[in-house]
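Here is the structure we will look at.
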Amino acid sequence: MEVFLTSTVTVTLAEIGDKTQLLSLLLAARFHNKIALIIGILAATIINHALSAWLGDWLSGNFTTHYMPLIVNISFIVVGFWLLIPDKDEEVTQKYDHFGAFLVAFVLFFIAEIGDKTQIATILLGAQYQSVFWVTLGTTAGMLIANIPVIYAGNALLQKIPLSKIRVIAASVFVLLGIYGLIAL
Numbered sequence: 000m001e002v003f004l005t006s007t008v009t010v011t012l013a014e015i016g017d018k019t020q021l022l023s024l025l026l027a028a029r030f031h032n033k034i035a036l037i038i039g040i041l042a043a044t045i046i047n048h049a050l051s052a053w054l055g056d057w058l059s060g061n062f063t064t065h066y067m068p069l070i071v072n073i074s075f076i077v078v079g080f081w082l083l084i085p086d087k088d089e090e091v092t093q094k095y096d097h098f099g100a101f102l103v104a105f106v107l108f109f110i111a112e113i114g115d116k117t118q119i120a121t122i123l124l125g126a127q128y129q130s131v132f133w134v135t136l137g138t139t140a141g142m143l144i145a146n147i148p149v150i151y152a153g154n155a156l157l158q159k160i161p162l163s164k165i166r167v168i169a170a171s172v173f174v175l176l177g178i179y180g181l182i183a184l
């Protein structure tokens with residue numbers, strides 16, 4: 000349960016103000032079928048995060064186990080500081096909108112997650128906990144917790160959330176997880 004909860008909270012916090020959350024807002028403004036958007040985001044996240052958690056698990060199992068905890072915990076601290084840097088809005092074309100909400104959300108989310116903070120966090124969580132299933136389930140839940148309200152409440156919600164404070168909280172969680180891990184070594 001610890002793996003699931005840590006993965007969920009970590010990714011939920013990391014996702015707030017992230018480019019994929021802004022993508023959710025953009026897609027919600029474009030498409031009326033909110034359920035199709037959510038299912039597209041869910042499918043893309045499950046595939047992307049399962050691969051990421053597997054990669055983290057594989058890395059931790061195939062590198063010298065003596066140095067892996069040190070690398071993972073230092074990486075958590077680095078990602079924590081990276082979270083303090085706000086994402087920039089990317090221009091998303093509308094030329095593929097005719098494919099529908101599900102397919103557009105699926106493709107754009109999958110691509111947007113490649114190299115994203117939450118994908119890196121998922122790799123790190125996979126390496127730390129070596130549990131592909133629970134990390135994938137937790138990080139996917141975190142993505143949905145952060146994105147579903149944006150799809151339904153949109154701009155009104157984002158205007159009330161102080162993103163700079165949320166970034167600091169999310170960064171603190173990552174840094175504290177890294178420091179805790181280093182102390183536990």
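Residue numbers for the sequence shown follow numbering that gives the first Met the number 0, so the first one is 0 and each next one is one higher.
Think of the CB as a built atom: it goes at the ideal place given N, C-alpha and C, for glycine as much as any other residue.
Span of the alpha helix (DSSP H) holding Asn65? As a working note, residue 65 is residue 66 in the sequence shown. A quick correction: the sequence has His, not Asn, at residue 65. Premise fails: His65 is in no alpha helix (DSSP H) and is neither H nor E.
Hey, out of Leu143, Ile178, Lys159, whose CA is closest to Leu12's CA? The residue given as residue 12 occupies position 13 in the sequence shown. Nearest of Leu143, Ile178, Lys159 to Leu12, Cα basis: Leu143.
Would you kindly report the start and end of the unbroken alpha helix (DSSP H) that includes Ser23? Looking up residue 23 in the sequence shown gives position 24. Its alpha helix (DSSP H) spans residues 18-29.
Ends of the alpha helix (DSSP H) at Ser6? The sequence position of residue 6 within the sequence shown is 7, counting from 1. Counted as a single uninterrupted DSSP element, the alpha helix (DSSP H) harbouring Ser6 occupies residues 1-14.
Is it buried or exposed for Gly180, if we count other Cβ within 10 angstroms and need 16 for buried? Along the sequence shown, read from residue 1 onward, the residue named residue 180 stands at position 181. Burial is judged here by how many other beta carbons sit within 10 angstroms of a residue's own beta carbon; Gly180 has at least 16 and is buried.
Could you tell me if His65 is buried or exposed, where buried requires 16 or more neighbouring beta carbons within 10 angstroms of its beta carbon? As a working note, residue 65 is residue 66 in the sequence shown. Flag for His65 reads exposed.
Can you tell me where the alpha helix (DSSP H) with Phe109 in it begins and where it stops? Along the sequence shown, one-based indexing puts residue 109 at 110. Residues 100-112.
Quick check: the Cα distance between Leu58 and Val167, rounded to an integer number of angstroms? As a first step, residue 58 is located in the sequence shown; it is residue number 59 there, counting from the start. As a first step, residue 167 is located in the sequence shown; it is residue number 168 there, counting from the start. Per the coordinates, the alpha-carbon of Leu58 lies some 29 Å from the alpha-carbon of Val167.
Taking C-beta to C-beta, are Leu36 and Phe30 nearer than 8 Å? Here residue 36 is taken as the residue at index 37 of the sequence shown, counted from 1. Here residue 30 is taken as the residue at index 31 of the sequence shown, counted from 1. Yes, they are a contact pair.
What is the DSSP secondary structure of Asp56, reduced to helix, strand or coil? In the sequence shown, the residue the question calls residue 56 occupies position 57. Helix at Asp56.
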